[in-house]
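Data first, discussion second: the structure below is written as structure tokens.
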């Protein structure tokens with residue numbers, strides 16, 4: 001694979017040859033290895049070494065075209081620039097994207113190479129086989145770990161443009177997931193799992209993942225149907241972050257400008273949630289594994305206060321949306337023919353002090369939702385509604401009883417406004433850090 | 448099919464290969480057969496190379512402007528190495544001989560094997576004469592006959608203009624088109640050597656309407672896998688009419704009351720219920736993971752006696768149609784369920800090796816970065832003997848699911864589907880629109896409750912995400928009646 005500097009050099013050469021004056025490139029290379037096992041034997045092992053770039057080209061009429069390619073040699077780059085130049089003829093005439101004004105700004109927390117050495121595949125296999133065995137031994141009902149995987153990945157990202165911006169950073173990740181399946185005579189199969197991610201295999205919390213997967217699985221063995229009705233609901237950190245992500249159009253400036261949002265420009269600085277809730281997007285949060293310090297336009301990432309004590313205080317921006325809404329980009333852009341905006345890493349925490357605090361240890365007839373599934377199907381992001389299957393427990397007199405099968409339905413705006421308590425203890429998940437969040441009432445369909 | 452040894456390992460660096468850099472043709476036979484021989488000499492039981500070249504473009508019109516034209520060019524290869532029933536998969540962007548050799552070497556090392564020593568003999572793998580579906584079926588000219596960027600923009604803007612005329616309370620209008628041209632070459636150590644070109648196109652609308660706090664969002668898509676002129680013949684006027692009508696009806700719909708109801712599901716995309724609730728559980732991948740309740744049910748009754756279902760790759764221009772799968776096997780027509788009896792599973796090479804079920808030409812993948820897995824193609828419930836009126840007349844109070852959203856099935860067979868457009872049925876008649884419905888159930892239980900199938904089989908284009916990525920599929924069915932299903936709502 002060519003180096004970042006070689007790609008920059010190829011691009012300059014090809015652009016000169018094609019008479020292209022203005023361009024930029026965002027790209028990445030990935031080197032990854034992963035393993036899966038089945039009953040102590042290797043199931044499938046994968047390795048990949050690949051790269052991909054997106055080039056943007058501005059023509060003489062100042063409209064922009066884009067092309068993505070995996071061919072990052074001189075010939076491939078020349079073809080990509082040429083195709084992007086052709087596409088630029090059909091580029092938007094209004095609100096044309098431009099370079100980020102911050103593409104050359106200093107990055108406060110720049111960390112050009114945050115790399116851990118990759119472990120041998122044999123070590124990955126040995127680790128995963130050991131984890132699988134421990135999980136199978138944790139309870140006689142656990143007959144398999146059908147979904148499992150241990151992966152390690154090195155990623156190099158870069159951004160460069162024709163006026164001299166050149167950013168580059170490298171990260172390593174290791175991740176583990178373990179999802180069990182149980183079988184018991186006369187009982188339905190049950191499943192539960194856990195996930196961990198770290199900067200390398202050596203730092204991966206394998207025991208924590210094992211413990212969580214085993215405890216959750218065992219807690220779901222004795223299950224009951226739940227009666228259909230309205231319940232007070234507690235979202236686990238993971239479940240609440242899933243909802244926040246699914247309805248990210250609420251604070252996405254591009255979605256708002258496209259009329260593809262539940263918010264409008266006038267929603268800014270209005271109350272959209274209970275004063276008990278605060279949410280930031282914080283790519284640079286210390287718990288964010290492999291935090292990215294710049295976005296697809298080269299803009300430095302940062303902490304963005306989205307909801308402060310229930311008030312929508314900021315939006316996520318690209319260079320283009322920031323310009324249109326007369327503010328600054330926030331480092332949330334993804335380069336493309338149409339630049340999109342997305343959150344980096346959520347930080348959810350209590351806002352105003354709650355008048356009453358709640359505890360699962362003393363709760364009664366409360367549903368604790370551990371994990372929401374099928375968000376791609378059950379979320380109507382533009383209508384605000386959701387109807388989602390979940391794994392969880394009915395808490396009766398402080399004791400948890402696994403729920404056999406149920407869905408929870410509601411409207412995200414009502415959920416945000418009917419929060420009655422945001423717990424203080426934060427947990428790290430793959431997409432952010434959050435505490436458990438209590439919601440006064442939601443519809444649950446069981447039996 | 449191994450010939451006497453002809454080549455010594457140390458001679459490899461001196462070999463000069465002249466294969467076509469921009470086309471997968473017969474010139475690739477020599478380097479690929481040598482690489483396959485290298486892998487066999489190293490001790491692998493089976494090796495497969497999958498080469499891919501993609502020329503993709505998408506175009507989007509928002510309201511009255513083209514806001515995105517996005518081409519993507521991609522080349523890459525994957526090598527799969529089997530040792531016994533275990534396998535590994537290595538992918539790379541580098542299609543040079545040394546790049547492919549490096550990928551092979553990586554795969555071998557993962558399997559505990561190593562390239563042969565310098566003086567080792569390399570067995571030559573005799574590949575079949577190139578089985579070239581692209582040339583045989585005239586596909587080489589497809590890409591050049593597709594719509595230009597300008598034509599894409601013109602059609603989508605006209606289509607979006609039509610939607611503006613037809614729909615009320617419009618908050619946003621989108622018309623989206625993509626063209627995915629893919630050239631693939633498969634060579635494996637059993638002698639397989641096959642090439643194909645696929646041309647997948649899709650176009651459709653996404654309409655968001657709002658009136659005060661009432662909102663409705665309706666999408667509609669159609670697809671093609673063999674017609675370069677597909678976009679030119681898109682009947683966007685009819686689709687605009689259809690989408691506008693649905694959005695208007697759903698704008699003021701009440702939320703469905705949760706409970707258990709008899710349900711009539713419309714044809715075409717209604718077939719997503721069978722795809723999710725049963726089709727996935729008939730993939731050998733699920734048998735391998737022990738996540739299907741049907742693993743040992745072949746020859747047994749798993750569904751209502753009125754239900755017969757197929758999975759095939761041969762229906763002309765359907766969205767899941769393929770001339771060969773991604774392991775070089777010609778597509779087949781596979782009878783899954785006949786009158787409620789489980790007849791066959793959907794199997795790829797690895798699934799066949801690990802479960803014993805025969806391959807069905809169903810080894811599919813999103814791209815070179817994925818190993819092939821057993822995946823569906825065009826999957827549908829066969830038409831039955833009832834009329835639609837028969838189905839409605841059998842329902843006193845129930846739900847008509849006219850447009851389904853997406854769905855999924857969990858590791859224990861639980862499934863769920865979103866319903867984008869639903870209506871209340873009272874005494875056999877549709878009475879009012881409903882929104883917010885989700886269908887929930889267990890695969891093993893629902894299949895026995897599909898009691899009536901009408902005679903109006905229809906197919907619809909869909910996208911399916913699973914272990915080998917996102918692929919193009921068809922779902923389909925006639926109108927069907929499910930005697931009872933849990934409906935999640937408010």
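Protein chains in written order, with this note's numbering: chain A, 1 to 447; chain B, 448 to 937. In this text, a Cβ means the ideal position worked out from N, Cα and C, and glycines have one as well. Model, not experiment: these values are computed from the prediction.
Candidates the options, of which the one nearest residue i by Cα
i: residue 231/A; options: 5/A, 1/A, 445/A, 13/A; result: 445/A
i: residue 478/B; options: 547/B, 522/B, 657/B, 540/B; result: 547/B
i: residue 486/B; options: 469/B, 533/B, 572/B, 543/B; result: 572/B
i: residue 661/B; options: 701/B, 742/B, 543/B, 688/B; result: 701/B
i: residue 743/B; options: 650/B, 731/B, 751/B; result: 731/B
i: residue 263/A; options: 312/A, 293/A, 166/A; result: 312/A
i: residue 599/B; options: 493/B, 583/B, 518/B; result: 518/B
i: residue 862/B; options: 869/B, 879/B, 868/B, 853/B; result: 853/B
i: residue 344/A; options: 402/A, 93/A, 108/A, 305/A; result: 305/A
i: residue 49/A; options: 59/A, 34/A, 57/A; result: 34/A
i: residue 476/B; options: 530/B, 638/B, 560/B; result: 638/B
i: residue 695/B; options: 752/B, 764/B, 664/B; result: 664/B
i: residue 63/A; options: 78/A, 130/A, 97/A; result: 97/A
i: residue 909/B; options: 647/B, 738/B, 741/B, 567/B; result: 647/B
Inter-residue spacing [alpha-carbon to alpha-carbon] between residue i and residue j
i: residue 41/A; j: residue 132/A; result: 10 Å
i: residue 234/A; j: residue 378/A; result: 19 Å
i: residue 354/A; j: residue 419/A; result: 10 Å
i: residue 691/B; j: residue 684/B; result: 11 Å
i: residue 265/A; j: residue 659/B; result: 16 Å
i: residue 38/A; j: residue 121/A; result: 16 Å
i: residue 900/B; j: residue 360/A; result: 48 Å
i: residue 788/B; j: residue 823/B; result: 19 Å
i: residue 223/A; j: residue 144/A; result: 19 Å
i: residue 451/B; j: residue 780/B; result: Because residue 451/B sits at a pLDDT of 47, beneath the cut-off of 50, its placement in the model cannot be relied upon, and the point is left open.
i: residue 68/A; j: residue 55/A; result: 6 Å
i: residue 458/B; j: residue 205/A; result: 48 Å
i: residue 563/B; j: residue 300/A; result: 49 Å
i: residue 128/A; j: residue 797/B; result: 21 Å
i: residue 448/B; j: residue 493/B; result: In this prediction, residue 448/B scores a pLDDT of 44, lower than 50, which makes its location untrustworthy; the coordinate-derived value is nonetheless stated afterwards. If I take the Cα positions, the gap works out to 13 Å.
Under 8 Å between C-beta atoms of residue i and residue j
i: residue 618/B; j: residue 657/B; result: yes
i: residue 537/B; j: residue 491/B; result: no
i: residue 458/A; j: residue 318/A; result: The structure shown does not extend to residue 458/A, since chain A is modelled only from 1 to 447, so the question has no answer here.
i: residue 622/B; j: residue 611/B; result: no
i: residue 502/B; j: residue 628/B; result: yes
i: residue 395/A; j: residue 372/A; result: no
i: residue 649/B; j: residue 676/B; result: no
i: residue 341/A; j: residue 252/A; result: yes
i: residue 557/B; j: residue 1/A; result: no
i: residue 550/B; j: residue 533/B; result: no
i: residue 496/B; j: residue 526/B; result: yes
i: residue 906/B; j: residue 847/B; result: no
i: residue 20/A; j: residue 53/A; result: no
i: residue 904/B; j: residue 829/B; result: yes
Residue environment, residue i, which counts as buried when at least 16 other CB atoms sit within 10 Å
i: residue 924/B; result: buried
i: residue 705/B; result: buried
i: residue 347/A; result: buried
i: residue 586/B; result: buried
i: residue 878/B; result: exposed
i: residue 635/B; result: buried
i: residue 814/B; result: buried
i: residue 561/B; result: exposed
Q.
Just to confirm the assignment: which complete alpha helix (DSSP H) runs, minimum length 4, are found wholly within the segment 586-673 of chain B?
A. 589-592, 596-613
Q) Which parts of the segment 700-750 of chain B are runs of the alpha helix (DSSP H), unbroken and 4 residues or longer, counting only runs that do not cross its ends? A) 731-736
Q. Taking only runs of the alpha helix (DSSP H) that begin and end inside the segment 537-561 of chain B, which ones reach a length of at least 4 residues, in chain order?
A. 544-557
(Q) Please give me, in chain order, every unbroken run of the beta strand (DSSP E) with length at least 3 that falls completely inside the segment 49-83 of chain A. (A) 64-69
Q | Unbroken stretches of the beta strand (DSSP E), 3 residues or longer, contained in the segment 764-803 of chain B | A | 780-785
Q) At what residue ranges does the segment 813-881 of chain B contain a whole run of the alpha helix (DSSP H), taking only runs of 4 or more? A) 835-840
Q) Can you list the alpha helix (DSSP H) stretches of 4 or more residues lying completely in the segment 297-343 of chain A, in chain order? A) 319-324
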